[in-house]
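Start counting at 1 in the sequence shown, then tack on 1, and there's your number in my numbering. We put the CB at the ideal spot given by N, CA and C, even for glycine.
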Amino acid sequence: MYHVGKGAQLPKFVASLLFLELRLFFHVPIPQEHWATELWRNACKEAQLYKEKGNQCYREGTYRDAVSGYHRALLQLRGLDPSLPSPIPNLGPQGPALTPEQENLLHTTQTDCYNNLAACLLQMEPVNYERVKEYSQKDLERQPDNAKALYRAGVAFFHLQDYDQARHYLMAAVNRKPKDANVRRYLQWTQLELSSYHRKEKQLYLGMFG
Numbered sequence: 002m003y004h005v006g007k008g009a010q011l012p013k014f015v016a017s018l019l020f021l022e023l024r025l026f027f028h029v030p031i032p033q034e035h036w037a038t039e040l041w042r043n044a045c046k047e048a049q050l051y052k053e054k055g056n057q058c059y060r061e062g063t064y065r066d067a068v069s070g071y072h073r074a075l076l077q078l079r080g081l082d083p084s085l086p087s088p089i090p091n092l093g094p095q096g097p098a099l100t101p102e103q104e105n106l107l108h109t110t111q112t113d114c115y116n117n118l119a120a121c122l123l124q125m126e127p128v129n130y131e132r133v134k135e136y137s138q139k140d141l142e143r144q145p146d147n148a149k150a151l152y153r154a155g156v157a158f159f160h161l162q163d164y165d166q167a168r169h170y171l172m173a174a175v176n177r178k179p180k181d182a183n184v185r186r187y188l189q190w191t192q193l194e195l196s197s198y199h200r201k202e203k204q205l206y207l208g209m210f211g
């Protein structure tokens with residue numbers, strides 16, 4: 002949250018976005034290159050700084066601070082993603098379409114943050130498996146072959162007791178990393194839970210109609 006008061010200073014990304022959105026609101030023409038150079042450059046620079054701060058905190062084992070860094074990085078990029086609503090509602094449309102290079106950098110940074118957020122949350126007690134699932138699936142939307150994201154999604158579904166989905170993701174993970182002991186262990190646990198469920202289901206069926 003940004004505090005406004007005496008001596009307060011808005012981050013460059015927010016100041017640039019406010020400037021551009023207000024010009025749109027008052028129907029002042031905005032040169033296409035202004036979006037590409039000013040807003041984009043400031044937002045990406047701040048996002049990268051927050052992401053690196055998150056990485057440093059993760060290496061130091063301060064996972065809550067790492068999560069904060071990744072969330073802040075994603076916030077900087079939110080106003081640049083054409084697939085998301087503007088972070089300042091009712092103040093005009095989104096900016097012009099991104100170039101392929103800009104879109105690639107945007108998606109790479111977002112995906113890195115989602116991947117690292119899931120990794121952080123698995124280290125924090127109590128583990129929020131719903132969030133781990135959400136971030137892992139966001140990662141997989143753009144990196145469907147990411148073995149780590151597949152594994153984390155499988156772990157999340159396992160602890161959420163959705164064993165069919167857990168098996169789906171863990172099978173995909175073990176196909177990509179067949180020697181990973183953690184993946185194989187969770188897959189084995191998932192198979193055991195499914196076998197137990199089907200056995201109980203069969204016994205219930207026999208009890209009803211046997």
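### Under 9 Å between C-beta atoms of F159 and E194
Numbered from 1 along the sequence shown, position 158 holds the residue referred to as residue 159. Numbered from 1 along the sequence shown, position 193 holds the residue referred to as residue 194. The answer is yes: Cβ separation under 9 Å.
### Buried or exposed by the 16-neighbour rule on C-beta atoms within 10 Å, applied to K139
The count along the sequence shown starts at 1 and reaches residue 139 at position 138. Buried: at least 16 other Cβ atoms inside 10 Å.
### Query
Which first and last residues belong to the alpha helix (DSSP H) in which G80 is found?
To locate residue 80, count along the sequence shown from 1; it is residue 79. Careful: G80 lies outside any alpha helix (DSSP H) and carries neither H nor E.
#### Entry: R116 burial status per 10 Å Cβ neighbour count (16 or more: buried)
In the sequence shown, the residue the question calls residue 116 occupies position 115. With the sequence shown as reference, residue 116 is identified as Asn, and Arg is not the correct amino acid for it. Per the 10 Å Cβ criterion, buried.
### Query
Mind checking whether L151 and E131 have CB atoms under 9 Å apart?
Sequence index remark: in the sequence shown, residue 151 carries index 150 (1-based). Sequence index remark: in the sequence shown, residue 131 carries index 130 (1-based). No. Outside cutoff.
### Message
As a quick exercise: from P127, D165 and Q57, pick the residue whose alpha carbon is nearest that of H199.
### Response
Your numbering for residue 199 matches position 198 in the sequence shown. Per the Cα distances, D165.
### Message
Which same chain residues end up closer than 6 Å to Y51 when comparing Cβ atoms and leaving out the 5 residues on each side of it in sequence?
### Response
Taking the first residue of the sequence shown as 1, we reach residue 51 at position 50. Hits under 6 Å: G70, R73 and A74.
### Task
Report the three-state DSSP secondary structure of D140 (helix, strand or coil).
If you number the sequence shown from 1, residue 140 lands on position 139. Note: D140 maps to helix in three-state DSSP.
### Query
Using DSSP with H/G/I as helix, E/B as strand and the rest coil, what is P101?
In the sequence shown, the residue the question calls residue 101 occupies position 100. If DSSP states are grouped into helix, strand and coil, P101 belongs with the helices.
#### Entry: Secondary structure of N129, DSSP reduced to three states
Your numbering for residue 129 matches position 128 in the sequence shown. Note: N129 maps to coil in three-state DSSP.
#### Entry: Same chain only: Cβ atoms within 8 Å of Y59, ignoring 5 sequence neighbours per side
Locating residue 59 in the sequence shown gives position 58, where the first residue counts as 1. So the qualifying residues of the chain are A67, N117, A120 and C121.
### Environment of T191 [buried if 16+ CB atoms lie within 10 Å]
Locating residue 191 in the sequence shown gives position 190, where the first residue counts as 1. By the neighbour-count rule (16 or more Cβ atoms within 10 Å), T191 is buried.
### Task
Report, in whole angstroms, the separation of the C-beta atoms of T110 and Q49, which I expect to be a contact under 8 Å.
As a first step, residue 110 must be located in the sequence shown, where it is residue number 109. As a first step, residue 49 must be located in the sequence shown, where it is residue number 48. Contact holds; Cβ gap of about 7 Å.
### Query
According to DSSP, is L123 helix, strand or coil?
Position 122 of the sequence shown, counting from 1, holds the residue named residue 123. The answer is coil: DSSP assigns L123 none of H, G, I, E or B.
### Query
Mapping DSSP to helix, strand and coil, what is N117?
In the sequence shown, counting from the first residue as 1, residue 117 sits at position 116. If DSSP states are grouped into helix, strand and coil, N117 belongs with the helices.
### CB of L141 within 9 Å of CB of A157, strictly
The residue you call residue 141 lines up with position 140 of the sequence shown. The residue you call residue 157 lines up with position 156 of the sequence shown. Result no, Cβ atoms of L141 and A157 do not sit closer than 9 Å.
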